[in-house]
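**Student:** Attaching a single structure in structure tokens format; questions to follow.
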Amino acid sequence: MRAAAVVKDLPIQASFNDYGKLTKQERILGYCMTYSRGITTTKYRVAAWFILLMAVVLFQMPSARGSDQPAKRTVEQTYPGLATGVLKSAKLTLLKNGVLLTAEGVQIDESMLKEMFKDSKPEIQKQLNKNLFFVLEQQTTERILLHEAYKAGHKKDDPEDQVIMMYLSDKGSGVTVSDEEAEAFYGQNKAMVGGMPFDEVKDAVKGFLLQKKKEEAVGKYLQTLWQGMDIRVDREWVRKQNALAMDNPVDIARRSGKPTLVEFGATGCRPCDMMQPILDKLKKKYKDRINVLFVHVGEQQILGARFGIRAIPVQAFFDSNGKEVFRHEGFYPQAEIEKKLAAMGVS
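Sequential numbering from 6 applies to the sequence shown in this note's numbering.
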């Protein structure tokens, strides 16, 4: 895999506690890139990491946990692709008095979501109003993790953000990165670190790989945590939010019945700029056979966050049913893209 823009901004060793320094809005828009030579900053990369953890669970196992109510359809069954993590298996039901979601130790109402972003900039507010389900999913994850942390003995008088990060830090501890792993990664991505000698970037590369391993470890923990949870969401609210959230270029293309290639990137990012001529050629070559889209993550923050973008560029491949079948980070040669398209049945 070739390095994405995030690799060049070494060292990449943000601590878990850095997450607590972010505002609520920065956490929801966590992946959002701020650019210095087209590179993401550590502050937003930490938030990106946490957003990724929230969205990492693609399949979950719903359980009524002794409920005497009949089985209800889940969010994923009714609105495929709307949820990205914990709410995939949430049950659609009728809730009252403005309550949007209930779970063990957790209740979230609509006023809570609106209060979070009442002072947001107009351009961000517009995006948030169309993606409140995504915001609900992030808040649900935080509330559940906080509830689990308290059950594990963390103090309730500590700042909530700190409690969550201390709790998660234990789940991601114990992983290591060898010199051999770092050197192998360097060999595959030498050009993207400016050709600097390995000895000069060794510690930074190891820090980057260590963070990725921590993500994987915490992701596995989250998969286990969601299993068996009885989460319920208001069905009428979700119905309205689905219509709003799906009104965007990516989801419209996914519902077109044609395979879709989406590049998430930005101008001023070197590998992103290198990809633009390739995308133009693909549009011409595969006209009417596939959708080829470019999403500027600096302008479409929530859309990028929904799809778990944590580094740019990212090429996401969707089949004719709208299901994501492959994802690549970094510069991707046209020949490799066409091989992937051929494997998807595109000629």
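Backbone N, C-alpha and C fix where the C-beta goes; we use that ideal spot for every residue, glycine too. For clarity, every value in this text was computed on a predicted model and none was experimentally measured.
Going by CA-CA distance only, name the one from Lys195, Lys131, Asp235 that's closest to lysine 77.
**Tutor:** The residue you call residue 77 lines up with position 72 of the sequence shown. Nearest option by C-alpha distance: Asp235.
**Student:** By the DSSP assignment, the beta strand (DSSP E) with alanine 321 in it spans what residues?
**Tutor:** Sequence index remark: in the sequence shown, residue 321 carries index 316 (1-based). Unbroken beta strand (DSSP E) run through alanine 321: 319-323.
**Student:** What's the C-alpha gap between isoleucine 113 and phenylalanine 139?
**Tutor:** If you number the sequence shown from 1, residue 113 lands on position 108. If you number the sequence shown from 1, residue 139 lands on position 134. Roughly 13 Å between the two C-alpha positions.
**Student:** Tell me the DSSP bridge mates of aspartate 239?
**Tutor:** As a first step, residue 239 is located in the sequence shown; it is residue number 234 there, counting from the start. According to DSSP, which records beta bridges pairwise, aspartate 239 is partnered with Thr98.
**Student:** Got a sec: is the Cβ-Cβ distance from leucine 230 to anything in chain D below 8 Å?
**Tutor:** Although the question refers to chain D, the structure presented lacks it and comprises just one protein chain.
**Student:** Identify the residues that DSSP records as bridge partners of lysine 270: which are they?
**Tutor:** In the sequence shown, the residue the question calls residue 270 occupies position 265. In the sequence as displayed, the identity of residue 270 is glycine instead of lysine. According to DSSP, which records beta bridges pairwise, glycine 270 is partnered with His301.
**Student:** Taking one C-beta from the stretch 138-157 and one from the stretch 179-195 each time, how about it: are there three or more such pairs within less than 8 Å?
**Tutor:** Cβ pair count under 8 Å is below three, so no.
**Student:** Tell me the residue span of the alpha helix (DSSP H) that contains isoleucine 129.
**Tutor:** Translated into the one-based positions of the sequence shown, residue 129 becomes position 124. Its alpha helix (DSSP H) spans residues 127-135.
**Student:** For phenylalanine 203, which residues of its own chain have a beta-carbon under 7 Å away from its beta-carbon, when the five flanking residues on both sides are left out?
**Tutor:** Translated into the one-based positions of the sequence shown, residue 203 becomes position 198. The residues are Glu188, Tyr191.
**Student:** DSSP three-state label for glutamate 186, please.
**Tutor:** For the purposes of this step, residue 186 is taken as the residue at position 181 of the sequence shown. Three-state DSSP puts glutamate 186 in a helix.
**Student:** Check whether the stretch 76-93 and the stretch 118-127 touch, using three or more Cβ-Cβ pairs below 8 Å as the test.
**Tutor:** As far as the Cβ criterion goes, the stretch 76-93 does not touch the stretch 118-127, which means the pair count is below three.
**Student:** Give me the residue from Glu115, Gln216, Thr145, Ile295 with the minimum Cα distance to asparagine 326.
**Tutor:** Walking along the sequence shown from the start, residue 326 turns up at place 321. Of the candidates Glu115, Gln216, Thr145, Ile295, the one whose C-alpha sits nearest the C-alpha of asparagine 326 is Ile295.
**Student:** Exposed or buried, which one is leucine 34 when buried takes at least 16 other CB atoms within 10 Å?
**Tutor:** Translated into positions along the sequence shown, residue 34 becomes position 29. Confidence in leucine 34 is poor, its pLDDT being 43 and thus under 50, which makes the residue's placement too unreliable to answer from.
**Student:** Would you list the residues sitting across from phenylalanine 331 in a DSSP beta bridge?
**Tutor:** As a working note, residue 331 is residue 326 in the sequence shown. Answer is Phe322.
**Student:** Under 8 Å Cβ to Cβ from glycine 179, same chain only, skipping five residues before and after it: list those, please.
**Tutor:** Numbered from 1 along the sequence shown, position 174 holds the residue referred to as residue 179. Closer than 8 Å at the Cβ level, and outside the excluded window around glycine 179, lie Ala222.
**Student:** Under a Cβ-count criterion, where at least 16 other Cβ atoms within 10 Å of its own Cβ denotes burial, should aspartate 252 be classed as buried or exposed?
**Tutor:** Taking the sequence shown and counting its residues from 1, one reaches residue 252 at position 247. So aspartate 252 ends up on the exposed side.
**Student:** Classify threonine 181 as buried or exposed, calling it buried when 16 or more other Cβ atoms lie within 10 Å of its own Cβ.
**Tutor:** Within the sequence shown, the letter at position 176 stands for residue 181. The residue is exposed, with fewer than 16 neighbouring Cβ atoms inside 10 Å.
**Student:** State the beta-bridge partners of leucine 106 as determined by DSSP.
**Tutor:** The sequence position of residue 106 within the sequence shown is 101, counting from 1. According to DSSP, which records beta bridges pairwise, leucine 106 is partnered with Ile113, Val238.
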